[in-house]
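Enquirer: Handing you this structure, nothing more for now.
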Amino acid sequence: MKAIMPISYAFGVAAYMIRANKLRSFLSILGMVFGVATLITTLSIGEGTRQQILRTIEAMGSNLVIVSPKGGGGTTSSPVFDLLSTSDSESLKNAITDIESVAGIFNSAISMTRGVTEKAVYTEGTEPSYALVRDLVIEKGRFITIPDVEDASRICILGSKTAKEFFPNEEPIGKTVSLGETSFMVVGILTEKGRALGIDFDRTVFVPISTLQELTNRKGQVSRIFLKAVSSEKTGNVVEAARNILKVLRKGRGGFDVWDQEALLREKNRMTLVFKAALGSIAMISLLIGGIGIMNVLLISVTERVREIGLRKALGASPGDILMQFVLESVLLSSLGGISGVFLGMFLGNFTANILIKFLPEGGQWVSIISLNSIVVSLAFSILVGLLFGIYPAFKAARLDPCEALTYQ
Amino acid sequence: MSTSATTLIRLESIHKFFQTGLTNVHALDGIDLTINENEFFAILGPSGSGKSTLLHVIGCLTSPSKGTYLLNGSDVSGLGQWNLAQVRNHTFGFVFQSFSLLSSLNVLDNVCVPLIYGRIHRKERHRLARDVIGQVGLSHREHHFPGQLSGGEQQRVAIARALVSNPSVILADEPTGNLDSASGDEIMRILKTLQKQGRTVIIVTHDEHIAQNAQREIHIVDGQISVKGQK
Ligand SMILES: Nc1ncnc2c1ncn2[C@@H]1O[C@H](COP(=O)(O)OP(=O)(O)OP(=O)(O)O)[C@@H](O)[C@H]1O
Ligand SMILES: [Mg+2]
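If you want it as C-alpha cells, here you go:
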C-alpha cells in the first residue's frame with residue numbers, strides 16, 4: 492500500500508478548483524504576480540546597469556589614470572587657459588614608477604571629406620602608446636608609429652563606423668581623406684569598441700599628435716594625458732604621484748585634474764549590487780505578502796469545502812491525502828503567480844530599459860538583462876511561499892473530523 | 005437468525021458527547037449493540053435521537069466519547085487516523101441521504117473516488133467503477149454529471165460509489181429520504197440484493213415502511229435504545 496494517493500489526481504483536483512474559481516484564484520495570486528514582477532524587474536535593471544558599467548570599464552582601458560586641465564574638457568573649441576604640454580607628459584613618464592605606459596592626446600573636431608561625403612569628425616592626435624593605454628585593437632593595417640610622430644606624417648586610423656561611413660563599398664587602407672584642407676592616407680581601421688568617457692571610439696579618427704598640433708597651430712599642447720598603471724591596486728599611487736609632480740612643475744599652481752575613473756565606476760558597480768540587494772529584499776517581502784493573499788483564499792476555500800472534505804474522508808481519504816491536496820493547490824496557485832510575474836517582470840524590465848535608453852547619449856546601449864538565475868530564484872521563492880502559506884490551511888483541512896464536516900451546515 | 009452467525013460489530017455502552025459552545029449534547033447515551041455478518045439491520049427513531057451519530061460511530065467517521073467498539077473482534081479505539089481512513093476505505097461503503105456526489109465530476113469519476121484513496125491504478129479504477137455502475141443499471145449515464153441525473157439515479161450512483169471498493173458493510177443514512185416512493189423502492193431493492201450477495205447492510209431511517217426490509221431493527225430515543233425488534 493502506497494502512503495500517498497497519485498499526485499496526478501491531487502494535481503487534477505487542485506487545477507480543477509483553481510479553474511472553477513477563476514476570479515478568486517486570480518485575485519489571490521495578484522500579490523504574488525506583482526511581487527515576482529518587481530523582483531524580476533529589479534534584478535534585470537540592476538544586471539543591465541551593472542553590465543553597462545562593466546562594458547564602460549572595459550572600453551575605457553583598464554587601470555587608467557587621466558590628467559586633464561581643470562574644467563574637464565580641453566577640446567580646442569573651448570578655450571582652456573592652462574593646457575597641458577608634451578613636456579608634462581614626458582615628465583610624468585620619467586618620474587612615475589608604477590606605470591606601464593603614458594600617452595598624451597590632442598583633440599579637435601575637424602571636418603573630414605572624401606568625394607561627396609563630408610562630416611565633422613572627432614579627431615585625436617596621439618602617440619603609438621595610446622593603443623596600449625586605451626586597449627585599442629587594430630582590425631586592419633597599423634596604428635601610429637614613432638616615425639609618424641617624428642615626421643608629423645599625414646596618416647590616419649579610422650574608427651570602425653567612420654570607416655564604413657566614408658568607405659561603404661571599398662577598402663579604405665591606402666586611400667586618402669581630407670581633414671580640413673589637408674590630405675591624409677588611411678593606414679589602419681580599429682575593431683568596434685563602443686563608448687568610453689563620453690567618446691565613441693567607433694566614430695573617432697586618430698592621427699599623429701604632432702600632425703594635429705601643427706595643423707591647428709598648437710605645437711606642444713596636449714589636451715589630456717592618459718597613464719596606464721601596472722595594476723588596479725597601483726592606480727591610487729599613480730594618481731597621487733601625478734598630482735605631486737604636476738604641482739611641482741607648475742610651482743604650486745593648480746589648473747589640472749588627475750582622476751581615476753575606473754575607481755569611480757567600480758564604486759558605482761558596487762552600489763548597483765547594493766541597490767539590487769535592497770530592492771530585491773523589498774520585492775521578497777512583497778512576495779511574502781503575496782503568500783498571505785494565497786493563504787487567505789485557501790482558508791476561505793477550506794471553510795467552503797468542509798462538506799467535500801468530510802465526504803472525501805468518509806470515502807477513505809487519509810489526513811495526509813487531504814493535506815497534500817491543499818498544499819498542492821497552494822503551490823499550484825503560487826507557481827501560477829510566479830510564472831505570470833516572470834512574464835510581467837520581463838515586460839516591465841524591457842519597458843524601463845526603453846525609457847532609460849532615451850536618457851543616454853546617442854548610440855548608448857541599455858538593455859534589461861534577465862538572467863536564468865533570477866527566473867529560477869523567483870520561481871523557487873514563489874513555490875516556497877506557496878508551500879509555506881499552504882501548510883496552515885492544509886492542516887486545518889486535514890484535521891477536520893469527517894463526521895462534523897458531514898453534518899456541517 | 006441462526007445462532008452460529010458471526011459477530012461483525014459489537015458496541016458496549018457507547019456514549020457520544022458533542023460540545024458546542026456552552027451546551028453539551030449527549031447524542032448517544034449508553035448504546036449496547038451487536039450486529040452480525042450479512043445482516044440487514046435498521047436503525048429507527050425520531051429526528052435528533054442520535055441515529056446518524058450511531059451510524060457515524062459504526063462507520064469510524066467519529067470515535068465514541070466513551071465505551072468499547074469491537075469491529076471483527078478488534079478494538080478500533082487504538083487505531084490512528086491513517087488506519088481509520090483505511091478501514092473507512094476498505095470495510096465500509098457509505099450512502100448518504102443527500103447523495104453527496106461531487107458536482108464537478110461525472111458519474112464515472114465520482115464512483116472512482118474511493119479507489120483513488122485506495123491507491124488503485126487508473127485502468128483498474130475504471131474497470132471496477134464500470135462494473136458497479138452496471139450493477140446499479142446506469143452504464144448509459146457514465147459521462148453524465150450529477151446535475152443531469154434524477155434523485156433516484158444520483159442515489160444509485162452513490163450506492164455504486166459505496167460498492168466500488170468491495171466493502172463488507174454498506175452504511176446508508178436515510179438513503180430514500182429525498183426520493184419519491186418508486187425510486188425509494190428501487191434503492192431498497194438494490195440494497196437487499198447487496199445483502200443477498202453476502203454484505204452486511206445497515207440503514208438509518210425514520211420510516212417504518214422502509215424498515216420492513218430489514219431483518220432486525222432498533223429504535224433510538226434520546227440516544228438510548230428503546231426497542232429491539234426481530235422479524
Ligand atoms: N457535529 C455535531 N456537533 C454538535 N452536535 C451534533 C453534531 N452532530 C449531531 N449533533 C447533535 O446530536 C444529536 C443527535 O444528532 P443525529 O444527527 O445523530 O440525529 P438523527 O437521529 O440522525 O436526526 P435526523 O433524523 O434529524 O437526522 C442532535 O441533538 C444533534 O444536534
Ligand atoms: Mg440523521
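Heads up: the protein sequence lines correspond to chains A and B, in order.
Numbering of the first sequence is given in the numbering used here, commencing with residue 492 and proceeding in unit increments.
Numbering of the second sequence is given in the numbering used here, commencing with residue 5 and proceeding in unit increments.
C-beta atoms are modelled at their ideal positions from N, C-alpha and C, and glycine is treated no differently.
Rounded to whole angstroms, how far is the Cβ of A/LEU870 from the Cβ of A/VAL833, which I believe are closer than 8 Å?
Expert: Sequence index remark: in the first sequence, residue 870 of chain A carries index 379 (1-based). Sequence index remark: in the first sequence, residue 833 of chain A carries index 342 (1-based). A/LEU870 to A/VAL833, Cβ: 7 Å. Contact.
Enquirer: How many whole angstroms separate the CB atoms of A/VAL524 and A/GLY877, which I take to be in contact at a CB cut-off of 8 Å?
Expert: Taking the first sequence and counting its residues from 1, the one referred to as residue 524 of chain A is at position 33. Taking the first sequence and counting its residues from 1, the one referred to as residue 877 of chain A is at position 386. Under the criterion of beta carbons closer than 8 Å, A/VAL524 and A/GLY877 do not qualify as touching, at roughly 13 Å.
Enquirer: Does at least one heavy atom of ligand 2 sit under 7 Å from the Cβ of B/VAL208?
Expert: In the second sequence, counting from the first residue as 1, residue 208 of chain B sits at position 204. Flag set: Cβ of B/VAL208 near ligand 2.
Enquirer: Please state whether DSSP places B/CYS64 in a helix, a strand or coil.
Expert: Within the second sequence, residue 64 of chain B is the residue found at index 60, counting from 1. Reduced to three states, the DSSP call for B/CYS64 is coil.
Enquirer: In whole angstroms, give me the CA-to-CA distance for B/SER81 and B/TYR73.
Expert: If you number the second sequence from 1, residue 81 of chain B lands on position 77. If you number the second sequence from 1, residue 73 of chain B lands on position 69. Cα to Cα, B/SER81 sits roughly 7 Å from B/TYR73.
Enquirer: Give the DSSP-derived three-state secondary structure of B/LEU142 in the structure shown.
Expert: Residue mapping note: residue 142 of chain B aligns to position 138 of the second sequence, counting from 1. Coil at B/LEU142, not helix or strand.
Enquirer: Alpha carbon to alpha carbon, how far is A/SER831 from A/SER777? Give it in angstroms, no decimals.
Expert: On the first sequence, position 286 is the one that residue 777 of chain A refers to. On the first sequence, position 340 is the one that residue 831 of chain A refers to. Rounded to whole angstroms, A/SER777 to A/SER831 spans 15 Å at the Cα level.
Enquirer: Just by C-beta distance, which residues in the segment 62–86 of chain B are closer than 8 Å to chain A?
Expert: GLY63, LEU65, THR66, GLN85 and TRP86
Enquirer: Find the nearest neighbour of B/GLY245 within the set B/SER17, B/VAL115 and B/GLU178, judged by alpha-carbon distance.
Expert: Because chain B is modelled from 5 through 235, residue 245 of chain B falls outside the range shown and cannot be assessed.
Enquirer: Pair every Cβ in the segment 43–59 of chain B with every Cβ in the segment 76–96 of chain B, then say whether three or more of these pairs are closer than 8 Å.
Expert: The segment 43–59 of chain B is not in contact with the segment 76–96 of chain B.
Enquirer: How about B/LEU1 and A/ALA808: are their beta carbons less than 8 Å apart?
Expert: Not covered by the structure: residue 1 of chain B. The range shown for chain B is 5 to 235.
Enquirer: With burial defined as no fewer than 16 other Cβ atoms inside 10 Å of the residue's Cβ, what is the status of B/GLY138: buried or exposed?
Expert: Start at 1 with the first residue of the second sequence, and residue 138 of chain B comes out as number 134. Taking a 10 Å sphere around the C-beta of B/GLY138, we find fewer than 16 other C-beta atoms and assign the residue as exposed.
Enquirer: Which same chain residues end up closer than 8 Å to B/ILE214 when comparing Cβ atoms and leaving out the 5 residues on each side of it in sequence?
Expert: On the second sequence, residue 214 of chain B is found 210 positions in, with the first residue counted as 1. Excluding positions up to five away in sequence, the list reads ALA46, THR180, GLY188, MET192 and ILE207.
Enquirer: Between B/VAL136 and chain A, is any beta-carbon pair separated by less than 8 Å?
Expert: Stepping through the second sequence from its first residue, residue 136 of chain B is reached at position 132. No, its Cβ sits nowhere closer than 8 Å to a Cβ of chain A.
Enquirer: For the 8 Å Cβ check, are there 3 or more pairs between the segment 18–27 of chain B and the segment 884–892 of chain A?
Expert: Too few Cβ pairs lie closer than 8 Å, so no.
Enquirer: Using beta-carbon positions only, say whether B/THR204 and B/GLU43 come within less than 8 Å of one another.
Expert: Here the question's residue 204 of chain B lines up with position 200 in the second sequence. Here the question's residue 43 of chain B lines up with position 39 in the second sequence. Yes; because the gap between Cβ atoms is below 8 Å, this pair is in contact.
Enquirer: Would you decide whether B/GLN152 is buried or exposed? Buried here means 16 or more other CB atoms lie within 10 Å of its CB.
Expert: On the second sequence, position 148 is the one that residue 152 of chain B refers to. Flag for B/GLN152 reads exposed.
Enquirer: In chain order, what residues of the same chain lie with their CB nearer than 8 Å to the CB of A/GLU895, ignoring the 5 residues before and after it?
Expert: Translated into the one-based positions of the first sequence, residue 895 of chain A becomes position 404. Same-chain partners within the cutoff: GLY801.
Enquirer: Quick one: which unbroken beta strand (DSSP E) runs of 3-plus residues sit fully inside the segment 722–785 of chain A? Chain order, please.
Expert: 747–750
Enquirer: Since B/ARG220 is in the beta strand (DSSP E), which residue starts that stretch and which ends it?
Expert: Taking the first residue of the second sequence as 1, we reach residue 220 of chain B at position 216. B/ARG220 -> beta strand (DSSP E) spans 220–225.
Enquirer: 8 Å is my cut-off, CB to CB: does B/PHE103 come that close to chain A?
Expert: For the purposes of this step, residue 103 of chain B is taken as residue 99 along the second sequence, with counting starting at 1. So no, B/PHE103 is outside the interface.
Enquirer: Return the first residue and the last residue of the alpha helix (DSSP H) that B/GLN241 is part of.
Expert: Since the first residue shown for chain B is 5 and the last is 235, residue 241 of chain B is missing from the structure and cannot be characterised.
Enquirer: Are there any heavy atoms of ligand 2 lying less than 7 Å away from the beta-carbon of B/ASP135, as far as the coordinates show?
Expert: The count along the second sequence starts at 1 and reaches residue 135 of chain B at position 131. Not so, every heavy atom of ligand 2 lies at least 7 Å from the Cβ.
Enquirer: Classify A/THR567 as helix, strand or coil using the three-state DSSP reduction.
Expert: As a first step, residue 567 of chain A is located in the first sequence; it is residue number 76 there, counting from the start. Here the model assigns A/THR567 a pLDDT of 45, short of 50, so the residue's position is not dependable and the matter cannot be decided.
Enquirer: Would A/ARG803 pass as an interface residue toward chain B - the criterion being a Cβ-Cβ separation below 8 Å?
Expert: By one-based count along the first sequence, residue 803 of chain A stands at place 312. A/ARG803 counts as touching chain B.
Enquirer: A/PHE597 by DSSP, collapsed to three states: which one?
Expert: Here residue 597 of chain A refers to the residue found at position 106 of the first sequence. Correct three-state label for A/PHE597: strand.
Enquirer: Which residues, taken in chain order from the segment 89–113 of chain B, show a beta carbon closer than 8 Å to some beta carbon of chain A?
Expert: The residues in question are ALA89, GLN90, ARG92, ASN93, HIS94, PHE98, PHE100, SER104, LEU106 and SER108.
Enquirer: Which residues in chain B sit within 8 Å of A/SER809, going by Cβ to Cβ distance?
Expert: For this step, residue 809 of chain A is matched to residue 318 along the first sequence. Those are GLN85, TRP86, ALA89, GLN90 and TYR121, listed as they occur along chain B.
Enquirer: How about A/PRO910 and A/THR608: are their beta carbons less than 8 Å apart?
Expert: An answer regarding residue 910 of chain A cannot be provided, because it is not within the stretch 492 to 900 covered by chain A.
Enquirer: Quick check on B/HIS125: buried or exposed, where buried means 16 or more other Cβ atoms within 10 Å of its Cβ?
Expert: The count along the second sequence starts at 1 and reaches residue 125 of chain B at position 121. By the 10 Å Cβ count, B/HIS125 comes out exposed.
Enquirer: Could you check which residue in B/ASN170, B/ALA186, B/GLY52 and B/GLU190 has the C-alpha nearest to that of B/GLN201?
Expert: Translated into the one-based positions of the second sequence, residue 201 of chain B becomes position 197. Of B/ASN170, B/ALA186, B/GLY52 and B/GLU190, the residue nearest in Cα terms is B/ASN170.
Enquirer: Using the Cβ count rule (16 or more neighbours within 10 Å means buried), how would you classify A/SER559?
Expert: For the purposes of this step, residue 559 of chain A is taken as residue 68 along the first sequence, with counting starting at 1. By the beta-carbon neighbour count (other beta carbons within 10 angstroms, threshold 16), A/SER559 is buried.
Enquirer: Within the same chain, show all residues whose beta-carbon is closer than 8 Å to that of B/ARG129, passing over the 5 residues directly before and after it, in chain order.
Expert: As a working note, residue 129 of chain B is residue 125 in the second sequence. Correct list, in chain order: CYS116, LEU119 and ILE120.
Enquirer: Within 10 angstroms of its Cβ, does A/SER568 collect 16 or more other Cβ (buried), or is it exposed?
Expert: Sequence index remark: in the first sequence, residue 568 of chain A carries index 77 (1-based). Confidence at A/SER568 is low in this model, with a pLDDT of 44, below 50, so the placement of that residue should be treated as unreliable; the coordinate-derived value is given next. It counts as exposed.
Enquirer: Going by beta carbon distance, what residues of the same chain come within less than 8 Å of A/THR566, once the five residues before and after it are set aside?
Expert: On the first sequence, position 75 is the one that residue 566 of chain A refers to. Confidence in A/THR566 is poor, its pLDDT being 46 and thus under 50, which makes the residue's placement unreliable; the coordinate value appears in the next sentence. Hits under 8 Å: ASN598, SER599, ALA600 and SER714.
Enquirer: Start and end of the alpha helix (DSSP H) containing A/ALA885?
Expert: Locating residue 885 of chain A in the first sequence gives position 394, where the first residue counts as 1. That run of the alpha helix (DSSP H) goes 863–889.
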